[in-house]
Amino acid sequence: LKFRMAGVSNFESRWQQGMAEKGHRRQGTRLLLAALLAGVSAEPRIFRWGEQPSGEGDYVWFSAHLLQGKSVAIAGLSHGSAEISWPAARLWPRCAFPNGAGGYTPYVRATLVGDPESRVANPKIAVFKAIILYCDAPPGAALAPAGPAYVRLALGEAEARIPYEQPTQAPTGQVSICSRVFGSTIHTRFVTEWFAHHRRNGVDRFILHDHGDPEGKWGSQRPDLAQVLESQPADSVQVVPMIGPYRTWAFHQKLAYYDCLLRSHTASWVMFLDIDEAVWVRGRSLGELLARLPAYTTALVLQFAEVLTFACRSDREVPLLQRMTYVRTPAPTRMPRKNCVGGKYAVRPLFHIRTQLNTHAPKNRTRPFCVMPDLASGRVHHYHQD
64 LKFRMAGVSN FESRWQQGMA EKGHRRQGTR LLLAALLAGV SAEPRIFRWG
114 EQPSGEGDYV WFSAHLLQGK SVAIAGLSHG SAEISWPAAR LWPRCAFPNG
164 AGGYTPYVRA TLVGDPESRV ANPKIAVFKA IILYCDAPPG AALAPAGPAY
214 VRLALGEAEA RIPYEQPTQA PTGQVSICSR VFGSTIHTRF VTEWFAHHRR
264 NGVDRFILHD HGDPEGKWGS QRPDLAQVLE SQPADSVQVV PMIGPYRTWA
314 FHQKLAYYDC LLRSHTASWV MFLDIDEAVW VRGRSLGELL ARLPAYTTAL
364 VLQFAEVLTF ACRSDREVPL LQRMTYVRTP APTRMPRKNC VGGKYAVRPL
414 FHIRTQLNTH APKNRTRPFC VMPDLASGRV HHYHQD
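For what it's worth, our numbering labels the leading residue of the sequence shown as 64, then goes sequentially.
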């Protein structure tokens, strides 16, 4: 009985301590909610790329693109989760177009496509989230080239005039690759052979989002990348500067992919690929494989196969990619093949421009619209050092 009473006493003390901690947690939750509401109640602002916002819901626009002559897509980052903070503050982004008579059309509500993964990421890593705004032109709007190439974006009381780029019609069957360049230096021979390898595989155009070197130089201003670009056919590589003080999930990867998808929306196929990855297809090129897919297929997924660089042969007459490709048989992928989950994607852009993206691909990947070959038929080699 003595021991039982001591146990009850200990339980009571622990219970009282737990209730006190629970009260502190409740008080902390109330303070957190009050702080969030205070942040949400402040009017969000609109910034150009490179400027540093600080308020919850602030929007930094990166680029804007005219789509099919009837809508404008604005790609950018929001400070915090805009899909939560904007509705909580009873705000929604709106767009107005020039009407051709010196005025503007009435504002229309923009469609928001967000980044669902970054919302659950560590806020110390992902302070900013990729947000794409789609503005459909109302009747009476004067779009480029007949009208001015800009749109007015309003977010609460904030307004900004945002110029947009006009697309050029891509040739039928064009295949584009979206990739990124970051780090202090790049391996010029490897990147040169990476371009040549994918040109042999039927890729016509490359879009590189360059995060710049430590000195803030990008594109042809960088000696290493300039050496690579000089050897490429004219107008086949577009370098987009992406230097900014923003902490995002996967280092701006989703925003870069969104932007590339918008820039390449007139192409037949667009593939998301990193510089340290290369496509391999058995018995044919990537372009031939894509051309043979049925018209209803909107995505092709190639699984990963890791290849170790330390086992490379030293034969410099053999291209670098081939030396690393045939070192060993790729191990089976750990990614499940159900519903085309895993791997790197090639997509028909017009079917995915309003689709959420994850780190590697669009979220719209339902069979039979998606095809995923086995590793023996096609794969993506991922080069890395062990």
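All C-beta atoms, glycine included, are put in the ideal place defined by N, C-alpha and C.
Kindly indicate which three-state DSSP category P150 falls into: helix, strand or coil?
The count along the sequence shown starts at 1 and reaches residue 150 at position 87. Helix.
What is the rounded straight-line gap between the Cα of A145 and the Cα of Q316?
In the sequence shown, residue 145 corresponds to position 82, counting from 1. In the sequence shown, residue 316 corresponds to position 253, counting from 1. Take the alpha-carbon of A145 and the one of Q316: they are about 18 Å apart.
Mind checking D121: buried by the 16 CB within 10 Å criterion, or exposed?
Locating residue 121 in the sequence shown gives position 58, where the first residue counts as 1. D121 sits buried, since 16 or more C-beta atoms from the chains shown fall within 10 Å of its C-beta.
The region 189 to 197 / the region 224 to 234 touching (three or more Cβ pairs under 8 Å)
Counting Cβ pairs under 8 Å, fewer than three are found: no touch.
Beta-carbon separation of S348 and N264 under 8 Å?
Here residue 348 corresponds to residue number 285 of the sequence shown, with the count starting at 1. Here residue 264 corresponds to residue number 201 of the sequence shown, with the count starting at 1. With contacts defined as CB atoms closer than 8 Å, S348 and N264 qualify as a contacting pair.
Sequence-distant residues of its chain with Cβ nearer than 7 Å to G139 (five each side left out):
Within the sequence shown, numbered from 1, the residue matching residue 139 stands at position 76. Excluding five sequence positions before and after G139, the CB atoms of its chain that fall closer than 7 Å to its own CB belong to Y122, V123, W124, F125 and I194, given in chain order.
Mapping DSSP to helix, strand and coil, what is Y213?
Here the question's residue 213 lines up with position 150 in the sequence shown. Three-state DSSP puts Y213 in a strand.
Proximity of E106 and E220 at Cβ, strictly below 8 Å
Start at 1 with the first residue of the sequence shown, and residue 106 comes out as number 43. Start at 1 with the first residue of the sequence shown, and residue 220 comes out as number 157. Cβ distance < 8 Å, so E106 and E220 count as in contact.
Would you mind reading off the limits of the beta strand (DSSP E) that contains E351?
Numbered from 1 along the sequence shown, position 288 holds the residue referred to as residue 351. For E351, no beta strand (DSSP E) segment is defined; the enclosing uninterrupted segment is the alpha helix (DSSP H) at L349 to A354.
Less than 8 Å between the C-beta atoms of P169 and L218, yes or no?
Here residue 169 refers to the residue found at position 106 when the sequence shown is read from its first residue. Here residue 218 refers to the residue found at position 155 when the sequence shown is read from its first residue. No, these two residues do not count as a Cβ contact at 8 Å.
T251 - DSSP class collapsed to helix/strand/coil:
Here residue 251 refers to the residue found at position 188 when the sequence shown is read from its first residue. Here T251 carries a helix assignment [DSSP, helix/strand/coil].
So, V254 versus W332, is the Cβ gap smaller than 8 Å?
To locate residue 254, count along the sequence shown from 1; it is residue 191. To locate residue 332, count along the sequence shown from 1; it is residue 269. Not a contact, by the Cβ cut-off of 8 Å.
Determine the DSSP secondary structure at R239, reduced to helix, strand or coil.
In the sequence shown, residue 239 corresponds to position 176, counting from 1. Position check: residue 239 holds Ser in this sequence, whereas Arg was assumed. Here S239 sits in strand by DSSP.
Taking only three categories from DSSP, how would you classify G143?
By one-based count along the sequence shown, residue 143 stands at place 80. Coil.
Specify whether the region 200 to 210 and the region 318 to 327 touch according to this definition: at least 3 beta carbon pairs, one from each stretch, less than 8 Å apart.
Fewer than three Cβ pairs drawn from the region 200 to 210 and the region 318 to 327 lie within less than 8 Å of each other, which leaves the two stretches out of contact.
Going straight from the alpha carbon of P161 to that of A341, what length do you get?
Within the sequence shown, numbered from 1, the residue matching residue 161 stands at position 98. Within the sequence shown, numbered from 1, the residue matching residue 341 stands at position 278. Near 44 Å, if we compare the C-alpha coordinates of A341 and P161.
For the alpha helix (DSSP H) holding D322, just list the boundary residues, first then last.
Sequence index remark: in the sequence shown, residue 322 carries index 259 (1-based). Residues Q316 to R326.
Segment contact, 8 Å Cβ cut-off, at least three pairs: the region 288 to 301 with the region 270 to 278:
They touch, by the three-pair rule.
DSSP on G102, reduced to helix/strand/coil?
The residue you call residue 102 lines up with position 39 of the sequence shown. Because G102 carries a pLDDT of 44, less than 50, the predicted location of this residue cannot be relied on, and the following value inherits that uncertainty. When secondary structure is reduced to three states using DSSP, G102 falls in the helix class.
R345 versus G132: straight-line alpha-carbon distance, rounded:
Counting from 1 along the sequence shown, the entry for residue 345 is found at position 282. Counting from 1 along the sequence shown, the entry for residue 132 is found at position 69. Going from the Cα of R345 to the Cα of G132 covers about 39 Å.
For C433 and A439, what's the separation of their Cα atoms in angstroms?
Indexing the sequence shown from 1 puts residue 433 at position 370. Indexing the sequence shown from 1 puts residue 439 at position 376. So the alpha carbons of these two residues sit roughly 18 Å apart.
Strand pairing of M334, partner residues [DSSP]:
Translated into the one-based positions of the sequence shown, residue 334 becomes position 271. According to the DSSP secondary-structure assignment, M334 is paired through a beta bridge with I240 and A409.
Buried/exposed call for Y359, threshold 16 Cβ in 10 Å
On the sequence shown, residue 359 is found 296 positions in, with the first residue counted as 1. Y359 sits exposed, since fewer than 16 C-beta atoms from the chains shown fall within 10 Å of its C-beta.
Straight-line gap, E222 to P412 (C-alpha atoms, nearest Å):
Start at 1 with the first residue of the sequence shown, and residue 222 comes out as number 159. Start at 1 with the first residue of the sequence shown, and residue 412 comes out as number 349. One C-alpha to the other measures close to 30 Å.
G222: first and last residue of the uninterrupted alpha helix (DSSP H) it sits in
For the purposes of this step, residue 222 is identified with residue 159 of the sequence shown, where counting begins at 1. What sits at residue 222 in the sequence shown is Glu, not Gly. From DSSP, E222 is part of no alpha helix (DSSP H) but of the beta strand (DSSP E) over A221 to P226.
Would you kindly report the start and end of the unbroken alpha helix (DSSP H) that includes V291?
As a working mapping, residue 291 is identified with position 228 in the sequence shown. Here the alpha helix (DSSP H) through V291 covers P286 to E293.
So which of S148, E256 and L130 has the shortest CA-CA distance to P208?
Reading the sequence shown from its first residue, position 145 is the one you call residue 208. Selection S148, E256 and L130 evaluated against P208 yields L130 as nearest (Cα-Cα).
R111 versus L175 - alpha carbon distance
The residue you call residue 111 lines up with position 48 of the sequence shown. The residue you call residue 175 lines up with position 112 of the sequence shown. Distance between the alpha carbons of R111 and L175 is about 19 Å.
Give me the Cβ distance between L288 and G282, rounded to the nearest whole Å; I'm assuming they're in contact under 8 Å.
Counting from 1 along the sequence shown, the entry for residue 288 is found at position 225. Counting from 1 along the sequence shown, the entry for residue 282 is found at position 219. Yes, they are in contact, since the Cβ atoms of L288 and G282 sit about 6 Å apart, within 8 Å.
Apart from the five residues just before and just after D178, which ones in its own chain have a Cβ nearer than 6 Å to its Cβ?
Position 115 of the sequence shown holds residue 178. Contacts found: K192, A193 and K317.
What separation, rounded to the nearest whole angstrom, lies between the Cα atoms of R285 and M305?
For the purposes of this step, residue 285 is identified with residue 222 of the sequence shown, where counting begins at 1. For the purposes of this step, residue 305 is identified with residue 242 of the sequence shown, where counting begins at 1. Cα to Cα, the separation comes out at about 14 Å.
Looking at the secondary structure, which residues open and close the beta strand (DSSP E) in which K192 lies?
Numbered from its first residue, the sequence shown carries residue 192 at position 129. From DSSP, the beta strand (DSSP E) with K192 extends over F191 to D199.
My guess is that A159 and R215 are in contact by the Cβ rule of under 8 Å, so how many angstroms apart are they, rounded?
The residue you call residue 159 lines up with position 96 of the sequence shown. The residue you call residue 215 lines up with position 152 of the sequence shown. Confirmed, Cβ separation roughly 4 Å.
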